[in-house]
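Residue 175 in UniProt numbering is what sits at position 175 of the sequence shown, and the numbering runs on without skipping anything. Just so you know, even glycine gets a beta-carbon here, dropped at the ideal spot from N, CA and C.
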Amino acid sequence: MAVTPTGKGRSYQYDSQGSFDWEEYLKENDAIPAPQSCFKQSVEPPVNEFKLHQKIEAVDPRNLTSICVATVVGMIGPRIRLRLDGSDNTNDFWRLVDSSDLHPVGYCEKTGKLLQPPLGFCKNPTLWPSFLQKTLTGAERSPENCFKKEPSNPKTNEFKIGMKLEAVDRKNPQLICPATVGAVKGEEVHVTFDGWRGAFDYWTKRDSRDLFPVGWCALSGHPLQPPGQKGTAQVKSKSREPSVSQSAHSPGNQSNASKSSSTSSSGPTSPNLPHDRSVSPLQAESPAITVTEPDTSSSTTATDKVTIYVNHNCSCGILLNPKKIEQLPNQFGPGPYQKVLREVIQSCVDCAKHEKQVYNFIQDGNGKIVITANQGNKTHTKRLPPIDKVSDVWRFLEKSLEELGCCENLFASQPLHGFCAQCNREKKTEPLETEEYENRTSINRALKRRWSTDSLENQSQKAAAAQQKIRRYSAYDSAEASSTTDSRPPRKLSADPNDWTIDDVVQYISEVDSSLATHSEAFRKHEIDGGAFMLLNSDMMMKYLGLKLGPVLKLSNIIEKLKGKKSSH
1 MAVTPTGKGR
11 SYQYDSQGSF
21 DWEEYLKEND
31 AIPAPQSCFK
41 QSVEPPVNEF
51 KLHQKIEAVD
61 PRNLTSICVA
71 TVVGMIGPRI
81 RLRLDGSDNT
91 NDFWRLVDSS
101 DLHPVGYCEK
111 TGKLLQPPLG
121 FCKNPTLWPS
131 FLQKTLTGAE
141 RSPENCFKKE
151 PSNPKTNEFK
161 IGMKLEAVDR
171 KNPQLICPAT
181 VGAVKGEEVH
191 VTFDGWRGAF
201 DYWTKRDSRD
211 LFPVGWCALS
221 GHPLQPPGQK
231 GTAQVKSKSR
241 EPSVSQSAHS
251 PGNQSNASKS
261 SSTSSSGPTS
271 PNLPHDRSVS
281 PLQAESPAIT
291 VTEPDTSSST
301 TATDKVTIYV
311 NHNCSCGILL
321 NPKKIEQLPN
331 QFGPGPYQKV
341 LREVIQSCVD
351 CAKHEKQVYN
361 FIQDGNGKIV
371 ITANQGNKTH
381 TKRLPPIDKV
391 SDVWRFLEKS
401 LEELGCCENL
411 FASQPLHGFC
421 AQCNREKKTE
431 PLETEEYENR
441 TSINRALKRR
451 WSTDSLENQS
461 QKAAAAQQKI
471 RRYSAYDSAE
481 ASSTTDSRPP
491 RKLSADPNDW
501 TIDDVVQYIS
511 EVDSSLATHS
521 EAFRKHEIDG
531 GAFMLLNSDM
541 MMKYLGLKLG
551 PVLKLSNIIE
561 KLKGKKSSH
């Protein structure tokens, strides 16, 4: 049976050959289905009343705080494929029609929220208002009856190891496949796809909308892909092979080297713990477990293989969790360069303090490598730019480390011995504690008090002092503003950053990174002296100082290094 959800842009076409009988399958495997009470799904699947090309408002899956205009570009059963207006088809995503992420046009206006451009808006951001007006003018809007109430959460985690269910293949989210509960840990469930090796398995929250009871597809009219055949050469069946126009590959596209002596099985694979996913060393001797994207599982020559070393003592910046970085292997590879790069970039996301934040920093593109990030009950996928040769790996890695504010040697072609000259962190230095990050609420309050009307008198005094400083160093300031070189040597700063004046702060950040000199006015306006500077975090800099992510990341890295120096004295 061929199923082709149509719409503007690429279509998802795949064949579902033969028949699949859950009742017979359960008997053959002596398995039991997970009960309906396990799932955050309605007993009766919702009716899909949407139409192609209708407009709605939807949460941007890559930025969950933004609601954007979206267009319905595909439908399968009670699920719709959405494209954010102002984005391209590489960021399409699927939602159930009873998802709380979907709203009729006008929802934001009624609730006092703002319609935002999607992450990576394809035009100049200043054109967004006119683009939005043009997009909605004359467009068909989905009526209220299309939007269904989301079912309530299951009361407890009733999943048990070995139970059968139907689950979305998150690498190919248009597909729903037979699956097994491989493990249960707290509120999380490990989903293993029957008949496929572990590359497509994932951990998810028990109330994920990607999990369905046995028989849901048959009841809702959604195609169900039959199980694969582990360890056999016939895994390249048409049952899960997408058309040429769909670039994301599925479990059916495994390496020819997947011929192995292992027997066909539909039981669960042995999962890693939830927090260990994607951080284990590449197993080059297990060719059947290959990267999920096209061409990366083909045979490679020695020159196509790379090894990326993890230098644990290098700075991982403020976005990654140092304790998780410490748990990474000493190296990734040797292995095919695309596969190794994916493992490294995925490990960055998995080691993030907040996955969504790091995920958004990773450059996207239309290449073959796909990474994922979990946010609540949702898993987001992103394609990296094309990586066609080994040199592309190192270029992309260097850029990614810079964007994340990490030391350039954190992931490198050679292991470091002793200390890193770039970040000057001595070997076996204890990783930064995350206490400060977790206590930012109290710091926020402290800074808000600093800028509140209660401290106007204090601010006036500091403003007067700052004015004297400005006059005293007017030559230095004018030199910075005109990008010329001042013959006067810069003032020697106190060893303790907390003693710095506003001008000292401006001087320091300008010396460390000349591109930050353009933001000196913001520091003067808000009277950021050394004490306030050391209390800043990324949220404050964006919210109060109005800085963009690039400068914020650089400044946060500077602050972290200053704190490291201060604590070492």
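Same chain only: Cβ atoms within 7 Å of residue i, ignoring 5 sequence neighbours per side
i: Gly-86; result: Pro-117, Pro-118, Phe-121, Cys-122, Lys-123 and Phe-131
i: Ser-37; result: Pro-154 and Glu-158
i: Leu-219; result: Pro-45
i: Leu-553; result: Gly-405
i: Trp-22; result: Val-214 and Gly-215
i: Cys-420; result: Asn-311, Asn-313, Cys-314, Cys-407 and Asn-409
i: Pro-61; result: Phe-93, Lys-378 and His-380
Residue i, DSSP secondary structure in three states
i: Trp-128; result: helix
i: Val-59; result: strand
i: Val-69; result: strand
i: His-519; result: helix
i: Gln-375; result: strand
i: Asp-529; result: coil
i: Ile-308; result: strand
i: Asp-210; result: coil
i: residue 629; result: Lying before the first or after the last residue shown, residue 629 is absent from the chain, which here runs from 1 to 569.
i: residue 571; result: Any question about residue 571 goes unanswered here, given that the chain covers just 1 to 569.
i: Trp-216; result: helix
i: residue 578; result: With the chain running from 1 to 569 in the structure shown, residue 578 is simply not present.
i: Ile-559; result: helix
i: Pro-154; result: coil
i: Ala-466; result: In this predicted model, Ala-466 has a pLDDT of only 40, less than 50, meaning its place in the structure is not dependable; the value taken from the coordinates is given anyway. Helix at Ala-466.
i: Ile-76; result: strand
i: Leu-549; result: helix
i: Val-43; result: coil
i: Leu-102; result: strand
i: Leu-136; result: helix
Closest by C-alpha distance to residue i, when choosing among the options
i: Gly-162; options: Val-370, Pro-151, Cys-407 and Thr-192; result: Thr-192
i: Ser-42; options: Leu-96, Ala-495, Ile-345 and Leu-26; result: Leu-96
i: Ile-371; options: Gln-133, Asp-388, His-354 and Ile-345; result: Ile-345
i: Ile-76; options: Thr-126, Val-168, Phe-200 and Asp-30; result: Val-168
i: Tyr-309; options: Gln-225, Ala-373 and Trp-394; result: Trp-394
i: Lys-55; options: Leu-102, Asp-388 and Tyr-202; result: Leu-102
i: Val-516; options: Leu-555, Lys-543, Arg-524 and Thr-501; result: What sits at residue 516 in the sequence shown is Leu, not Val. It is Leu-555.
i: Ala-34; options: Gln-507, Thr-518 and Phe-212; result: Phe-212
i: Glu-398; options: Val-390, Lys-305, Asn-409 and Asp-92; result: Asn-409
i: His-417; options: Ile-67, Asp-98, Asp-392 and Asn-311; result: Asn-311
i: Gln-174; options: Leu-341, Ile-80, Ser-208 and Pro-61; result: Ile-80
i: Glu-49; options: Asp-30, Val-72, Met-540 and Ser-510; result: Val-72
i: Val-181; options: Pro-151, His-53 and Phe-39; result: Phe-39
i: Pro-386; options: Pro-322, Ile-67, Gly-365 and Leu-401; result: Gly-365
i: Gly-106; options: Thr-501, Asp-210, Ala-58 and Gln-338; result: Ala-58
i: Asn-63; options: Met-541, Asp-539, Gln-357 and Ser-510; result: Gln-357
Segment limits, beta strand (DSSP E) that includes residue i
i: Thr-501; result: Note, Thr-501: premise wrong, no beta strand (DSSP E); not H, not E.
i: Arg-383; result: 378-383
i: Cys-177; result: 176-185
i: Lys-27; result: Per DSSP, Lys-27 belongs to no beta strand (DSSP E); it is in the alpha helix (DSSP H), 22-28.
i: Val-191; result: 188-193
i: Thr-204; result: 202-205
i: Asn-81; result: Here residue 81 is Arg; the residue named in the question, Asn, does not match the sequence. 79-84 is the span of the beta strand (DSSP E), which, as asked, contains Arg-81.
i: Arg-95; result: 93-96
Limits of the unbroken alpha helix (DSSP H) element including residue i
i: Glu-355; result: 355-361
i: Arg-395; result: 390-404
i: Pro-322; result: 322-326
i: Leu-341; result: 337-350
i: Asp-539; result: 538-543
i: Cys-108; result: 107-111
Same chain, Cβ closer than 6 Å to residue i, five either side skipped, listed in chain order
i: Asp-504; result: Leu-493
i: Pro-497; result: Gly-530, Met-534 and Leu-562
i: Trp-403; result: The identity of residue 403 in the sequence shown is Glu, whereas the question assumes Trp. Within the same chain, Glu-403 has close Cβ partners Phe-361.
i: Ser-379; result: What sits at residue 379 in the sequence shown is Thr, not Ser. Around Thr-379: Arg-170 and Thr-372.
i: Pro-334; result: Lys-305 and Thr-307
i: Pro-178; result: Asp-194 and Pro-227
i: Lys-565; result: none
Sequence-distant residues of the same chain with beta carbon closer than 8 Å to residue i, five excluded per side
i: residue 571; result: Outside the displayed range of the chain (1 to 569) lies residue 571, so it cannot be described from this structure.
i: Lys-205; result: Glu-187, Glu-188, Val-189, Gly-376 and Asn-377
Residue-level contact to chain B via CB, residue i, 8 Å cutoff
i: Ile-528; result: The chain labelled as chain B is not found in the depicted structure, where only one protein chain is given.
For the segment 404-417 against the segment 312-330, do three or more pairs of beta-carbon atoms, one drawn from each stretch, fall closer than 8 Å, so that the two count as touching? yes
Does the structure place the segment 520-528 close enough to the segment 540-552 that three or more beta carbon pairs sit under 8 Å? yes
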